[in-house]
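A.B. asks:
In this note's numbering, the protein residues as written are 13 to 154.
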């Protein structure tokens, strides 16, 4: 059974697409960075690139990490799809690599993002702990 997988990371200014080798290794020949323009242009570029590379490197699953919600249309895809937010995806990997069942993962960038994994399950939906643009007051001793 093939262990080749494809991954998509969708950010606000760019998207990355890659297809692994047989043992999960990264190969720059099978990766693409796309400047985000319109949704239609960006998604078409990803879809067309994956379609053109699939003959050379037939992937059996697709993982997507996205910073915003998307309308996922699976009608043209025959592979299983794993979908996570851009914060949940690295948290899931951390749990898998560390062997922990529960973890809190916090990133600080344009906003503060938090993901919780409790007993190997990501917290999703209305309970998703997303914080944005929190103003922090310094302590008087600072």
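For every residue, glycine included, the Cβ atom is placed at its ideal position computed from N, Cα and C.
By Cβ distance below 6 angstroms, which residues in the same chain neighbour residue 44 in space, the five residues on each side in sequence not counted?
C.D. replies: For residue 44, where only same-chain residues beyond five positions count, the Cβ hits under 6 angstroms are 29, 61.
A.B. asks: Taking the straight line between their C-alpha atoms, what separation do you get for residue 27 and residue 120?
C.D. replies: If I take the Cα positions, the gap works out to 20 angstroms.
A.B. asks: Would you list the residues sitting across from residue 134 in a DSSP beta bridge?
C.D. replies: Paired residue(s): 129.
A.B. asks: Check whether the region 49-66 touches the region 96-108, counting contact only when three or more Cβ pairs, one atom from each stretch, lie closer than 8 angstroms.
C.D. replies: In short, these stretches do not touch, since the Cβ pair count stays below three.
A.B. asks: By DSSP, does residue 42 sit in helix, in strand, or in coil?
C.D. replies: Looking at residue 42 - three-state DSSP - the assignment turns out to be helix.
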